[in-house]
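Colleague: First, the structure itself, so that you have it in front of you.
Given below as structure tokens:
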């Protein structure tokens with residue numbers, strides 16, 4: 031921990047700030063909010079990395095017949111993730127302030 035988030039990590043953490051979400055829902059929200067595509071492979075690599083850093087926790091949901099018995103994996107931001115997101119927002123604001131001469 032202690033690393034500054036990259037833009038994608040910050041965007042994904044922001045999506046999870048209001049409660050736990052499962053992977054495809056996170057991707058759909060990301061694509062809707064950013065107007066950028068996010069392949070599922072890239073999404074899960076990023077989510078796994080943030081979980082390893084302690085910024086997210088995950089849990090497996092119940093299996094469902096309408097999904098062929100597959101279980102969804104739900105992600106939730108941690109206190110460390112919230113602090114990292116706050117630090118990212120402060121760093122970006124400071125950088126933009128310097129660039130604009132404010």
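Residue numbers (our numbering): 31 to 132.
C-beta atoms are modelled at their ideal positions from N, C-alpha and C, and glycine is treated no differently.
With residue 46 and residue 120 assumed to form a contact (beta carbons below 8 Å), what rounded beta-carbon distance in angstroms separates them?
Modeller: Contact flag wrong, Cβ pair sits at about 19 Å.
Colleague: Could you tell me which residues DSSP puts in a beta bridge with residue 129?
Modeller: The partner list for residue 129 (beta bridge, DSSP) is empty, contrary to what the question assumes.
Colleague: When burial is assigned at 16 or more other CB atoms within 10 Å of the CB, is residue 70 buried or exposed?
Modeller: Flag for residue 70 reads exposed.
Colleague: Where do the ends of the beta strand (DSSP E) carrying residue 47 lie?
Modeller: Run containing residue 47: none; DSSP gives neither H nor E here.
Colleague: Quick one: residues in its chain with C-beta nearer than 8 Å to the C-beta of residue 81, no 5 flanking neighbours on either side, listed in chain order?
Modeller: Counting only Cβ-Cβ distances below 8 Å, and skipping sequence neighbours, we find 87, 88, 105.
Colleague: Pairing CB atoms from the region 58-78 with CB atoms from the region 115-131, are three or more of them under 8 Å?
Modeller: Touching, no.
Colleague: Write down the C-beta distance between residue 43 and residue 56 rounded to the nearest angstrom, noting that I regard them as a contact closer than 8 Å.
Modeller: Not confirmed; about 10 Å, so no contact.
Colleague: Going by beta carbon distance, what residues of the same chain come within less than 8 Å of residue 67, once the five residues before and after it are set aside?
Modeller: Excluding positions up to five away in sequence, the list reads 61.
Colleague: Output the boundary residues of the alpha helix (DSSP H) element that contains residue 105.
Modeller: Note, residue 105: premise wrong, no alpha helix (DSSP H); beta strand (DSSP E) at 101-107.
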